[in-house]
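Engineer: According to this note's numbering, the sequence shown holds residues -9 to 522 in order. What follows is a structure written as structure tokens; I'll ask about it next.
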Amino acid sequence: MAGTGPAPGRAGSRGRTASGAGARQPGRGRRRHGPACLGDCPAQQVGASTCCAGGKRRGLSSGDRIGPYRILRLIRRGGQGSVFLGIDDRLGRRIVAKIHALPAEPAQSRRVLREAQAVASLDSTRVVTIHDVIVGDTHLAMIMEYVPGCDLEELLAERELSLASSLVVASDVAAAIAAGRSRGIVHGDIKPGNVLVTPEGRVKLTDFGLAAQQGSVATARGSLSCVSPEQLLGKPQDVRSDLFALGCLLYRLVAGRHPFQGRHGLDSEALLRGAAPALPATLVDGSAPPQGLDALIDSLLAADPAQRPSNTHEVRRQLHRMATAQPRQLRSPLRDEAERFFRTEDSDDLPLQIPRSLSRQGRSRMPRPSGQWSVLGLGRDWRRRHWLAAAAALVCVTAAALFALWPRDYRVTVPRPLVVLESGSAALSNAGGVEGVLALVREQLLAERPGLQFHGELPPFFPTVLDHNLPPPPETLRIALQCSPALCVLGLERERGGAYRYRQALVPTGAPEHRWRALAGRAAAELFAADP
């Protein structure tokens, strides 16, 4: 796609050149045209003869997916990533997926993900919604809403806009900039191709992409048609950089040319000086500039960011004042001027609207051929249901058997264990101390009664989170451990309804862990051999 712009001083319609080149008929297939301002190529590629590659439609296989999203075709491929059209089958809606390559360094990848999540948090009717962020090993995909209609670049390739429509565009873009500022996000690439005209006659700003945070340096992102002086010089950006781009866009809409357009593209010297030409006495729609428009554009295009508005409030107020002074219309002027050029929706790209009752539960009711048996008019469908019913019955019987054989949960209260060590903790050094012995006892109790659940005061007998919401267990399990210089006595007692069952294990002081395990296991087995 060539990066050439209109000839200097041209104010006529782009779609009405003498040769007719680039003209399109309403209703015909869309064709990508040259940029509406200057060469809309990344700013770091100044001087390149061609730098923007248009995307060709590519037939993708039905298995092409990005996470849960089914991809239909490639929309375009550019320096900031590839853009695909897809469908969210779960909600039956079209989506747009933009894929970015992740940096090789993990820290940089995490930064990119944080920026993507910050952009996804933007909530404004004037900003294209980001539904999801999908992350792979090497790439990140931003899943955005699909906006029917056309973009401003396509529209300006066909016709110029009235002053009323230009003010609608500028006001909506200013609202989008305000939404980004509220999150500390700079768009950095406000060009006609990123301004989408909706069927309702309003606009949405798209391709915030991995936009820069306020105060960051991001010269690579901006396109020549909207680059600010600080962006061109590699200095930090903030909301005033986006307001400069808004000034360029507004000047282009009402004057028919970029304010800093030179003989061979961008006049960077004029841009750095802030020497934008005054508005013509007659705008592209034949009207005179309204009061305050020239001063507003001059303030937006100041070379020094300190001389520009510091926020969008005053800008939006002035745009609103000028818009309300225009003649009232029943319909949106932008909609009237743009709808002839809205892209034709391809039926292949529309989600299939098949009723769920037919796709999931639909059954054939055609008459059966003669000689084929039928039960209640259902025929093979009855046989299919018969086998399904038999399979369901088998599953139920199997589940009932497993339920009968599966160990039942058995809840017990475990008070604080009674521990007396006459010779100190050295008596249990080979078994991991008191904690080790208690853990070993728990292990042996569970080995004997797999469904046992504890409601205790000390680890390892703490209750589960769910157990807190249940009534107190009907049984109490008490543990006592007493060690003399020669012998340790481990006592286990069950109490239920006033009945008791007690077992103990005698373990030599300093016995190894396997000895403790064997004797504790024997005591646990005898304890649960019968109920109290």
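Virtual Cβ for every residue (Gly too), placed ideally from N, Cα, C.
In this structure, does DSSP put Ala110 in helix, strand or coil?
Structural biologist: Residue state, collapsed to three classes: helix.
Engineer: Check whether the segment 109 to 116 touches the segment 152 to 159, taking contact to mean three or more Cβ pairs, one atom from each stretch, closer than 8 Å.
Structural biologist: No, the segment 109 to 116 does not touch the segment 152 to 159.
Engineer: Apply the 10 Å Cβ neighbour rule to Phe250 and answer buried if 16 or more other Cβ atoms are within range, or exposed otherwise.
Structural biologist: Classification of Phe250: buried, given that the 10 Å Cβ count is 16 or more.
Engineer: Is it buried or exposed, Phe234, if we count other Cβ atoms within 10 angstroms and call 16 or more buried?
Structural biologist: By the neighbour-count rule (16 or more Cβ atoms within 10 Å), Phe234 is buried.
Engineer: On the premise that Ser289 lies in contact with Pro248, defined as a C-beta separation below 8 Å, what is that separation, rounded to the nearest angstrom?
Structural biologist: The residue you asked about is not Pro; residue 248 is His in the sequence shown. Not quite, the Cβ-Cβ distance comes to about 18 Å (not below 8 Å), so this is no contact.
Engineer: Return no unless some Cβ of chain C is closer than 8 Å to the Cβ of Val73.
Structural biologist: No chain C is present in this structure, which holds just one protein chain.
Engineer: What are the boundary residues of the alpha helix (DSSP H) that Glu483 is part of?
Structural biologist: Where Glu483 is concerned, there is no enclosing alpha helix (DSSP H), although the beta strand (DSSP E) it sits in stretches over Leu477 to Arg486.
Engineer: With DSSP run on the structure shown, which of helix, strand or coil describes Pro279?
Structural biologist: Of the three classes helix, strand and coil, the one that applies to Pro279 here is coil, per DSSP.
Engineer: Quick check on Gln524: does DSSP put it in helix, strand or coil?
Structural biologist: Lying outside -9 to 522, the shown extent of the chain, residue 524 is not represented and no answer is given.
Engineer: With H, G and I counted as helix, E and B as strand and the rest as coil, what does DSSP make of Glu465?
Structural biologist: Correct three-state label for Glu465: strand.
Engineer: What is the DSSP secondary structure of Ala416, reduced to helix, strand or coil?
Structural biologist: In the structure shown, Ala416 sits in a helix (DSSP, three-state: H, G or I).
Engineer: Would a C-beta distance cut-off of 8 Å place Glu132 and Val125 closer than the cut-off?
Structural biologist: Sequence inspection shows Met at residue 132; the Glu mentioned does not correspond to that position. No.
Engineer: Can you check the segment 114 to 198 for any alpha helix (DSSP H) of at least 4 residues that lies completely inside it and give the ranges in chain order?
Structural biologist: Those alpha helix (DSSP H) runs which fall completely within the segment 114 to 198 and span 4+ residues are 142 to 146 and 153 to 172.
Engineer: Report all residues from its chain with a CB closer than 7 Å to the CB of Ala108; omit the five preceding and five following residues, and keep chain order.
Structural biologist: Correct list, in chain order: Arg173 and Ile175.
Engineer: If you drop the 5 nearest sequence neighbours on each side, which residues of the same chain put their C-beta closer than 7 Å to that of Arg493?
Structural biologist: Leu482, Ala513, Glu516 and Leu517, listed in sequence order.
Engineer: What separation, rounded to the nearest whole angstrom, lies between the Cα atoms of Ile61 and Phe74?
Structural biologist: The alpha-carbon atoms of Ile61 and Phe74 are separated by roughly 7 Å.
Engineer: For Thr499, which of helix, strand or coil comes out of DSSP?
Structural biologist: In the structure shown, Thr499 sits in coil (DSSP, three-state: anything other than H, G, I, E or B).
Engineer: DSSP on His303, reduced to helix/strand/coil?
Structural biologist: DSSP places His303 in helix when its eight states are reduced to three.
Engineer: Quick one: Cα of Asp179 to Cα of Phe198, how far?
Structural biologist: Cα to Cα, Asp179 sits roughly 8 Å from Phe198.
Engineer: Using C-beta distances below 7 Å, list every residue in its chain close to Arg505, excluding the 5 sequence neighbours before and after it, in chain order.
Structural biologist: Correct list, in chain order: Val497.
Engineer: For Ser258, does the three-state DSSP call read helix, strand or coil?
Structural biologist: Here Ser258 sits in helix by DSSP.
Engineer: Just checking, does the segment 88 to 100 make contact with the segment 138 to 153 on the three C-beta pairs under 8 Å criterion?
Structural biologist: No, the segment 88 to 100 is not in contact with the segment 138 to 153.
Engineer: Report the rounded CA-to-CA distance for Arg479 versus Ala379, giving the unit in angstroms.
Structural biologist: Inspection of the sequence shows that residue 479 is occupied by Val rather than by Arg. Roughly 59 Å separates the two Cα atoms.
Engineer: Which residues in the same chain as Pro475 place their Cβ atom closer than 8 Å to its Cβ, once the five residues preceding and following it in sequence are excluded?
Structural biologist: Hits under 8 Å: Glu412, Ser413, Ala417 and Thr499.
Engineer: For Asp232, is the classification buried or exposed, using 16 other Cβ atoms within 10 angstroms of its Cβ as the cut-off for buried?
Structural biologist: With 16 or more Cβ atoms within 10 Å of its Cβ, Asp232 is classed as buried.
Engineer: Report yes if the CB atom of Ala87 is closer than 8 Å to the CB atom of Ile120, and no otherwise.
Structural biologist: No, the Cβ-Cβ distance between Ala87 and Ile120 is not below 8 Å.
Engineer: Counting only the same chain and skipping the five closest in sequence on each side, list residues whose C-beta sits under 6 Å from that of Pro463.
Structural biologist: Only Arg401, Val402, Thr403 and His445 meet the Cβ criterion.
Engineer: Is it buried or exposed, Asn301, if we count other Cβ atoms within 10 angstroms and call 16 or more buried?
Structural biologist: When all chains shown are included, Asn301 counts as exposed.
Engineer: Measuring alpha carbon to alpha carbon, tell me which of Val274, Pro267, Asn420 and Leu222 ends up nearest Asp523.
Structural biologist: In the structure displayed, the chain extends from -9 to 522; residue 523 sits before or after that span and is not available.
Engineer: Please tell me whether Ala328 and Val163 are closer than 8 Å, where the distance is taken between their beta carbons.
Structural biologist: The answer is no: Cβ separation not under 8 Å.
Engineer: Taking Ser99 as the reference, give the member of His303, Arg507, Lys225 and Asp127 with the closest Cα.
Structural biologist: Considering only alpha carbons, the answer is Asp127.
Engineer: Taking the alpha carbon of Met134 as the reference point, which residue from Ala508, Leu195 and Ala501 has its own alpha carbon closest?
Structural biologist: Nearest C-alpha to Met134: Leu195.
Engineer: State the DSSP-derived secondary structure class of Cys473, mapped to helix, strand or coil.
Structural biologist: Here Cys473 sits in strand by DSSP.
Engineer: Quick one: is Phe332 buried, meaning 16 or more other Cβ sit within 10 Å of its Cβ, or exposed?
Structural biologist: Classification of Phe332: buried, given that the 10 Å Cβ count is 16 or more.
Engineer: Gln308 and Leu324 - do their beta-carbons sit closer together than 8 Å?
Structural biologist: No, the Cβ-Cβ distance between Leu324 and Gln308 is not below 8 Å.
Engineer: Note down, in chain order, each residue of its chain lying with its Cβ closer than 6 Å to the Cβ of His177, except the 5 sequence neighbours on either side.
Structural biologist: Taken in chain order, the residues that qualify are Gly170, Phe198, Ala201 and Asp232.
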